[in-house]
Each structure stands twice: as C-alpha cells, then as structure tokens.
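The sequence shown begins at 90 in our numbering and counts up by one. All residues carry an ideal CB built from backbone N, CA and C; glycine is no exception. Source: prediction; values computed, not measured.
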Amino acid sequence: MLPVGGDAVTDGSAGATGHGAVEVLRAGWVLTVDASDTVWSDGAVALGGGRILDLGPAADVVARHPTAPVRHLPGHVLVPGFVNAHTHLGMVVLRGLADDRDLADFLAAVVPVESRILSADLVRTATRAAAVESLSAGVTTALDMYYFAPDGRAGADEAGMRVLGGAVLFEGGPGIDSWDELLAWADVVMASTPAGPGRRAVLCPHSTYTVEPPQLAEVAALARDHDAVVHVHAAETASENADVLARHGHRPVGVLDAAGLLRPGTVLAHAVHLDDDELALVAGSGAAVAHCPASNMKLASGVARVPELLAAGAVVGLGTDGAASSNDLDLLGAARLAALLHKGVGPGGGPGDATRLPAAQVVRMATMGGARALGLDRDLGSIEVGKLADLVAVDLDRPHVQPVHDPVSALLYAAGRGDVTDVWVEGRHVVASGRTSLVEPERASADLRRLAERTGIG
Ligand SMILES: [Zn+2]
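Here you go:
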C-alpha cells in the first residue's frame, strides 16, 4: 500500500479499499486533459462510487471532504487512464515469434500458429496476462480484436481492466466455418457484453481484404441496430490498398464508405496510406483512426498522416497493436514514439517540424482521443467531475525524470511505464505501489511461459 499522508483526516471509512467509499488522492500534479488542458499543481481528486466527485487545489478538495481519507502521492502526476484504441491482447502469447519481417510475412508466420493453438482457455489466460501488462503501464481501457472475445474479457475482468471486444468477423478463424455462423456468434458476443458506463458492444470485421463488401454492409446494419463500435483494420500498407483496389474498384476507405461504415463509432486501425480525398473523407465522417506507430514502424508499413488528420479535425487515438507485432502493450511508449516520429518525418518522408504534435496533444490522443474514438468520452478520457474514476499515478520524482519544469513534458518525454505506481479503474485500486493487486505479475509471467511451452512456441 502507498503511505497515506500524515495529515490525513480519517473517519470510520479510513482504510476502506472498496471502490464505493469516498477517498481523496493528493498528487504533485493533476493533469486533467479537460477542454482547457487544466493542470493542478498540488492537486487532488475525490472519488467515490467509482466516479470522480471533485477535483482542484488539494487544500480545497480536502476541506470539502473532511471525513475522507487522503492518499498522498508526492512527486506524482495523476493522469486519466490511457486508452489503447487498437490491440489484440491475446497475441501476447505470440510475442517475439515473428520479428523483423513485413506485414505479409508476419501474417504468414503467425496465422498458422494461431489456428493451431487457439482455444477459449488459452485466450482467457493470455488476455489476463495482457491485462496485467496493460494496467501496469497505466492502460485502463482497450479496444481489443481477438477470437473468443467473451473469454478474453473474462480474463481481463480478473485483473480489473476494462476491455471492449467483439466477434472477429473473418472467415477462416478458429471454430467457425461460414459467414452466417460468424454473424450468429457476433450476436452472442454482443448479448454477453455487460451494459453500463464505459462499455459498448463491438463488432470486429477484420479488414476490407478479408471481408467482402456485401458482408461489410451487413456489419454496418448490425452496428446501427446494436449501437456497436466497429473495429476494422484499414489502409495499413500500400499493397493492401492496391490489392483491395484491384478486387473491388475502391481502396479500403472507399470500400468502407460504400458499405456505410465511415461514421462515428467506427475505429480504423492504422489508416497509414490515405490520399488527400480519403483523409478529408475520414476526418469529415466522424470515424476515428487508431494510430499505432510502433507496429507501423516495426512492420515497415509506413508513416500515418497523423498531423494532417488532426489538423482536418479527425478523431485520433493511439494503439499498440498486438504484442506479436509491436512487441508490447506500452501506450505511453507509443505516445512518445508518435511525438518523435511525426516531428522527425514530414509528409511523404519530407523534412520534419519540431512543433508538430506538442506533448499535450499527444497525451490527449492517448486518453481523450481513444475515449472519443470509442464514443465513451462522456465517461472516460479525462479527469472531470462525473466521469469514471480511471486514474493513473506516475512517479516523476526519479532521477531520469527530474527536474520537472512541466509535468506534461516530463510524463511524455522522460517518464516511462516503469514509473506507473498506482492505477484505479472505476475507483478500484488495481495497481498499488507498482504491482497489480488482483492478479500477481509473477502469475501472469508464469502463465505465458507455460502457454508457450504447451503450444510448442519458443
Ligand atoms: Zn491489428
């Protein structure tokens, strides 16, 4: 447990760890990511019932909640939980299996292994380990695309992480032989999705190169009926664009548009290769882009036009992609990489511009950008009264971070996921003093080693 401050005012609820009791978190800085990018120095947040009840200067918040225990986080910055807008959590079991090759060769190596080893039990165990990794890095919410979605969600629930997943609509996945069976499975997954704040049904048509246009139109209708998020890979590589154009007469963005899928609630994973018209179309449609710089760089897919998308008003979140390609679930690392990449490389590989993607804008992408992509920004993405208490404490009082002239700069450019000490999801304290509290990190590591041995990998 973290030390509770010596001036803590306590009453009968002192020491309560349930997520219903009111508690005050007092930190060196509170980085709200609200509309004005408010940062409180010596700030505090009161939480109770899983939500944020109050925030502001610490003295004021403590005075307004005189009976609540105060948890001191000196030298820490308190930030909204990071939102991973594109990942395949269960793929942690394939980490390191297919490095140093492009997307086509990567898929050729990984897909046969997946079809051989995947089971509901494996996905549950692997996703639980992925949730331990994610939470330890301050990622409280993920949009996941993987097989056996209810089992993956159950694994994430064990660790206390919010994972939104849906049926992967891809003929050729494990256990399902026809499109009609896939749609029936999609209904089962959506029906099993818990209702409530911070949750939405999800459909995952894999891509326009694996799902036919009439089927994509069916997905669009289903999404409208169920108010579901649609999570789809799009325009990840130049060869994907060329192949889809040759087959369907449109590139992926055009195929999705014709199917009625370019709309708010659709999340386009990658969107690396957009021409000017496609960029304007995506930005104007309300569909979001999940930018995955680590995966795009490692697979040599190209550089997404993120500064231009943002300038055009597009909703852009950040993703890690699966750990088989990126090779981790470190969203803060992806955020730093995004900032450096887009400063260093201009459009079309041209000259860079150090003013591109300033730190606050990138931190916003990692939090509010993801929340908006999922249509969950009323409940997630910033530290504001009434939102769910998804909070991350990052220790900035370390030699590789000090001195702190600006907590946003320190968080993005100097701190890392190893500096995350405490995480709350809906007020539940799921990482305490750097350790996940519901599933021990040693158990997650042992599970992954055991799965790799059982499946003959590694
Ligand atoms: Zn992906």
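>> On a Cα-Cα basis, can you pick out the residue from 274, 214, 450 and 315 that is closest to residue 248?
In response: Taking the first residue of the sequence shown as 1, we reach residue 248 at position 159. Of the candidates 274, 214, 450 and 315, the one whose C-alpha sits nearest the C-alpha of residue 248 is 214.
> Roughly how many angstroms lie between the CA atoms of residue 322 and residue 152, to the nearest whole one?
Replying inline: Working through the sequence shown from its first residue, we reach residue 322 at position 233. Working through the sequence shown from its first residue, we reach residue 152 at position 63. Spanning the two alpha carbons is a distance of roughly 49 angstroms.
> Looking at the structure shown, is residue 111 part of a helix, part of a strand, or coil, going by DSSP?
Replying inline: Against the sequence shown, residue 111 aligns to sequence position 22. Reduced to three states, the DSSP call for residue 111 is coil.
> Quick one, which of 383, 252, 366 and 395 has its alpha-carbon nearest residue 377's?
Replying inline: Position 288 of the sequence shown, counted from the start, is the residue given in the question as residue 377. Comparing Cα-Cα distances from residue 377 to each of 383, 252, 366 and 395, the minimum goes to 395.
>> Which same chain residues end up closer than 6 angstroms to residue 355 when comparing Cβ atoms and leaving out the 5 residues on each side of it in sequence?
In response: Taking the sequence shown and counting its residues from 1, the one referred to as residue 355 is at position 266. Excluding positions up to five away in sequence, the list reads 319 and 376.
> Based on Cα-Cα distance, which residue from 192, 409, 521 and 517 lies nearest to residue 179?
Replying inline: Taking the sequence shown and counting its residues from 1, one reaches residue 179 at position 90. Nearest C-alpha to residue 179: 409.
>> With the cut-off set at 9 angstroms, would you say residue 493 and residue 117 are in Cβ contact?
In response: The residue you call residue 493 lines up with position 404 of the sequence shown. The residue you call residue 117 lines up with position 28 of the sequence shown. Against a cut-off of 9 angstroms, the Cβ pair of residue 117 and residue 493 comes out as a contact.
> In whole angstroms, what separates the C-alpha of residue 278 from that of residue 464?
Replying inline: To locate residue 278, count along the sequence shown from 1; it is residue 189. To locate residue 464, count along the sequence shown from 1; it is residue 375. Rounded to the nearest angstrom, the two C-alpha atoms are 19 angstroms apart.
>> Going by DSSP, what residue range makes up the alpha helix (DSSP H) through residue 259?
In response: Against the sequence shown, residue 259 aligns to sequence position 170. Element bounds for residue 259: n/a, residue is neither H nor E.
> Using the C-alpha atoms, what's the distance from residue 379 back to residue 423?
Replying inline: Translated into positions along the sequence shown, residue 423 becomes position 334. Translated into positions along the sequence shown, residue 379 becomes position 290. One C-alpha to the other measures close to 12 angstroms.
> Can the beta-carbon of residue 501 be found less than 9 angstroms from the beta-carbon of residue 421?
Replying inline: Taking the sequence shown and counting its residues from 1, the one referred to as residue 501 is at position 412. Taking the sequence shown and counting its residues from 1, the one referred to as residue 421 is at position 332. Cβ distance < 9 angstroms, so residue 501 and residue 421 count as in contact.
> In this structure, does DSSP put residue 394 in helix, strand or coil?
Replying inline: As a position in the sequence shown, residue 394 is number 305, starting the count at 1. If DSSP states are grouped into helix, strand and coil, residue 394 belongs with coil.
>> Considering only the alpha carbon of each residue, which of 491, 113 and 166 lies closest to residue 122?
In response: For this step, residue 122 is matched to residue 33 along the sequence shown. Of the candidates 491, 113 and 166, the one whose C-alpha sits nearest the C-alpha of residue 122 is 166.
>> Assuming residue 500 is part of the alpha helix (DSSP H), what are its boundary residues?
In response: Position 411 of the sequence shown, counted from the first residue, corresponds to residue 500. It is not in any alpha helix (DSSP H) - residue 500 carries neither H nor E in the DSSP assignment.
> How is the beta strand (DSSP E) around residue 195 delimited, first residue to last?
Replying inline: Along the sequence shown, one-based indexing puts residue 195 at 106. Premise fails: residue 195 lies in the alpha helix (DSSP H), 192-206, not in any beta strand (DSSP E).
> Between residue 454 and residue 527, what straight-line distance do the alpha-carbon atoms span, to the nearest angstrom?
Replying inline: Translated into the one-based positions of the sequence shown, residue 454 becomes position 365. Translated into the one-based positions of the sequence shown, residue 527 becomes position 438. Their backbone Cα atoms lie some 28 angstroms apart in a straight line.
>> Here's a check: name, in chain order, each residue in its chain whose Cβ is nearer than 7 angstroms to the Cβ of residue 370, leaving out the five neighbours to either side.
In response: Looking up residue 370 in the sequence shown gives position 281. Correct list, in chain order: 342, 346 and 351.
> Less than 8 angstroms between the CB of residue 410 and some heavy atom of ligand 1, yes or no?
Replying inline: The residue labelled residue 410 in the question sits at position 321 within the sequence shown. Yes, since a heavy atom of ligand 1 falls inside the 8 angstroms radius drawn around the Cβ of residue 410.
> Looking at C-alpha atoms only, which residue of 497, 192 and 476 is the closest neighbour of residue 516?
Replying inline: Translated into positions along the sequence shown, residue 516 becomes position 427. Of the listed residues, the one whose Cα sits closest to residue 516 is 476.
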